[in-house]
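Written below as structure tokens is the structure these notes are about.
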């Protein structure tokens, strides 16, 4: 029976999001994988084969984006401004609006799962836990980072950053700096996924992020955009962020590519 078991991971909202992650198990036969791919295509979806590991591909890379946003919030940058900058960059939804849509309780559980698997770089602030304990679960409860009432959405004015969680001494960030704080951790995690063989190559990963999260297609994909910025530049920003308290450090695979003048894609 084991050779006939395969996972299909759809994305919300299912009618709109074209990506399906196809997850073979250790004993899944190639024939079963082929049937799963054919089924996904028959449903009008774009299937990507991913290794069976925590978060698969898209959620594993997306959560660092959300953690980066939470860290910016703790520095005193208004959350609705962070969301506005993300939208202007071409992302379909800002990180806090996205967390409200998914459900803060669901997001917290995903973060805990990834932290248990991958360590401190997925460590979430206790702010999210405090919000869930208050019953602020996002859109489904009417209150999260935003208040969702009568079709209107406004920032939750009752949300306060406890003094012991506030990150002080950070200078005001420009829109570009906000985007880098959101996207650079995703590039690092994507590099780790490639090294670990979670997905087969950079092109498929980029397509998965476009199809599964709406990453701006005009940028060519997460890793194509990283190539165009310069991997040395991204490594430098990640190292400076770590020096300022972010638990994430750039992975060896990303550092080596940067030092060797390599790219994720053959053609930049």
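Numbering (the numbering used here), first residue to last: 71 to 338. By construction, the Cβ of each residue, glycine as well, lies at the ideal position given by its N, Cα and C atoms. Since we're looking at a predicted model, the values are computed, not measured.
Worksheet item: Smallest Cα separation from residue 178: which of 194, 171, 166?
Response: Walking along the chain shown from the start, residue 178 turns up at place 108. Minimum Cα distance to residue 178 is reached at 194.
Worksheet item: Using the C-alpha atoms, what's the distance from residue 291 back to residue 119?
Response: Locating residue 119 in the chain shown gives position 49, where the first residue counts as 1. Locating residue 291 in the chain shown gives position 221, where the first residue counts as 1. For residue 119 and residue 291, the distance between alpha carbons rounds to 18 Å.
Worksheet item: Residues bridged to residue 312 by DSSP?
Response: Counting from one through the chain shown, the residue named residue 312 turns up at place 242. According to DSSP, which records beta bridges pairwise, residue 312 is partnered with nothing at all.
Worksheet item: In three-state terms, what does DSSP make of residue 161?
Response: Counting from 1 along the chain shown, the entry for residue 161 is found at position 91. Residue 161 falls in the coil class under three-state DSSP.
Discussion item. I need the straight-line Cα distance from residue 101 to residue 76, nearest angstrom please.
Written reply: Here residue 101 refers to the residue found at position 31 when the chain shown is read from its first residue. Here residue 76 refers to the residue found at position 6 when the chain shown is read from its first residue. Taking the straight line from one Cα to the other gives about 11 Å.
Worksheet item: Thinking C-beta only, is residue 165 closer than 8 Å to residue 258?
Response: Position 188 of the chain shown, counting from 1, holds the residue named residue 258. Position 95 of the chain shown, counting from 1, holds the residue named residue 165. No. Outside cutoff.
Item to complete: Measure the C-alpha to C-alpha separation of residue 125 and residue 305 and round it to an integer number of angstroms.
Response: Numbered from 1 along the chain shown, position 55 holds the residue referred to as residue 125. Numbered from 1 along the chain shown, position 235 holds the residue referred to as residue 305. For residue 125 and residue 305, the distance between alpha carbons rounds to 23 Å.
Worksheet item: Would you say residue 307 and residue 250 are within 8 Å of each other, going by their C-beta atoms?
Response: Start at 1 with the first residue of the chain shown, and residue 307 comes out as number 237. Start at 1 with the first residue of the chain shown, and residue 250 comes out as number 180. Yes. Within cutoff.
Worksheet item: DSSP on residue 285, reduced to helix/strand/coil?
Response: Looking up residue 285 in the chain shown gives position 215. Coil at residue 285, not helix or strand.
Worksheet item: Can you pull the DSSP bridge partners for residue 219?
Response: Here residue 219 refers to the residue found at position 149 when the chain shown is read from its first residue. The partner list for residue 219 (beta bridge, DSSP) reads 222.
Worksheet item: So residue 131 and residue 281 are in contact, right, with Cβ under 8 Å, and what is the actual spacing, rounded?
Response: As a position in the chain shown, residue 131 is number 61, starting the count at 1. As a position in the chain shown, residue 281 is number 211, starting the count at 1. Actually they do not touch by this definition, with Cβ atoms about 13 Å apart.
Item to complete: Count the other CB atoms, across all protein chains shown, that sit within 10 Å of the CB of residue 82; report buried if there are 16 or more and exposed otherwise.
Response: Counted from its first residue, the chain shown places residue 82 at position 12. Classification of residue 82: exposed, given that the 10 Å Cβ count is below 16.
Discussion item. Taking the alpha carbon of residue 262 as the reference point, which residue from 186, 213, 138, 325 has its own alpha carbon closest?
Written reply: By 1-based counting over the chain shown, the position of residue 262 is 192. Residue 262 has its Cα closest to that of 325, out of 186, 213, 138, 325.
Worksheet item: If residue 328 and residue 302 are in contact, beta carbons under 8 Å, what's the gap, nearest whole angstrom?
Response: Counting from one through the chain shown, the residue named residue 328 turns up at place 258. Counting from one through the chain shown, the residue named residue 302 turns up at place 232. With a Cβ gap of about 5 Å, residue 328 and residue 302 count as contacting.
Discussion item. Quick check: what's the CA-CA separation for residue 142 versus residue 188?
Written reply: Residue 142 sits at position 72 when you count from the first residue of the chain shown. Residue 188 sits at position 118 when you count from the first residue of the chain shown. Each residue's Cα considered, the two are about 22 Å apart.
Worksheet item: Per DSSP, which one or two residues make a beta bridge with residue 208?
Response: By 1-based counting over the chain shown, the position of residue 208 is 138. Answer is 213.
Fill in: Contacting residues, own chain, Cβ-Cβ under 8 Å from residue 114 (five flanking each side not counted)
Position 44 of the chain shown, counting from 1, holds the residue named residue 114. Contacts found: 88.
Worksheet item: Given that a residue counts as buried once 16 or more other Cβ atoms are within 10 Å of its Cβ, and exposed if not, what is residue 134?
Response: For this step, residue 134 is matched to residue 64 along the chain shown. Buried, by the Cβ-count rule.
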